[in-house]
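As structure tokens, the structure follows; a few thoughts come after it.
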Amino acid sequence: MKYSPITTSHFDKQFSRLTKKNAVFKEQAAKKIKGIVLNPEIGMPKTHKLRGLRSLHITDHFVVVYMIFKDLVIFVEIDHHDNAYRAVEGVMQRLVDDEKLLATLQRMGITNEEFVHFIRAIGLSGH
73 MKYSPITTSH FDKQFSRLTK KNAVFKEQAA KKIKGIVLNP EIGMPKTHKL RGLRSLHITD
133 HFVVVYMIFK DLVIFVEIDH HDNAYRAVEG VMQRLVDDEK LLATLQRMGI TNEEFVHFIR
193 AIGLSGH
């Protein structure tokens, strides 16, 4: 299956902040992101309140957090390992409030209701 990447507004801000002055890290992150899009199963599946998410280390200390939805890879977080997992708590609300993400999904024929149902079904509540 061929997957298409989508980023959240939060991911875009974090990526920009982390890579603005660090070309080496930007290249490392881009390489890992491309690898994830080619094979989303390479990341480690998360459990408990992060169930439904996957993560992959970019470097020893930085990770990218994402989810697979249909034929999409939705990039949710990129940050230092410790910060990334704290930041994804409450991710459901952030995802369903992300106008950029929802607009992109709608352009792909996915309704907001369908996406919210998926988020609830995997239990990504952050509680």
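Numbering (our numbering), first residue to last: 73 to 199. The beta-carbon is built from N, C-alpha and C at its ideal position, and this holds for glycine as well.
For residue i, the nearest candidate out of the options (CA to CA)
i    : options                : result
L110 : K74, H82, D132 and F87 : K74
K103 : D143, G181 and L128    : L128
R158 : V96, F87 and L122      : L122
E161 : A101, E171 and K118    : K118
Pairwise C-alpha distance: residue j and residue i
i    : j    : result
M116 : V145 : 14 Å
T79  : D132 : 23 Å
V188 : K142 : 13 Å
F97  : I105 : 12 Å
T91  : G195 : 32 Å
I140 : D151 : 19 Å
E99  : F190 : 32 Å
I114 : R179 : 27 Å
K93  : T183 : 37 Å
Classification of residue i by the beta-carbon crowding that lies within 10 angstroms, buried from 16 upward
i    : result
V163 : buried
S88  : exposed
Q86  : buried
R126 : buried
A101 : buried
H82  : buried
G107 : exposed
D84  : exposed
D170 : buried
A95  : exposed
First through last residue of the beta strand (DSSP E) which encompasses residue i
i    : result
Y75  : Looking at the DSSP string, Y75 is not in any beta strand (DSSP E), and its letter there is neither H nor E.
H152 : L144 to H152
I140 : F134 to F141
Range covered by the alpha helix (DSSP H) that runs through residue i
i    : result
L125 : That residue, L125, is in no alpha helix (DSSP H); it is neither H nor E in DSSP.
I105 : A95 to L110
T91  : S81 to T91
Entirely enclosed alpha helix (DSSP H) segments - the stretch 169–199, minimum 4 residues: Uninterrupted alpha helix (DSSP H) stretches at least 4 residues long and entirely within the stretch 169–199 occur at 171–179 and 184–194, given in chain order.
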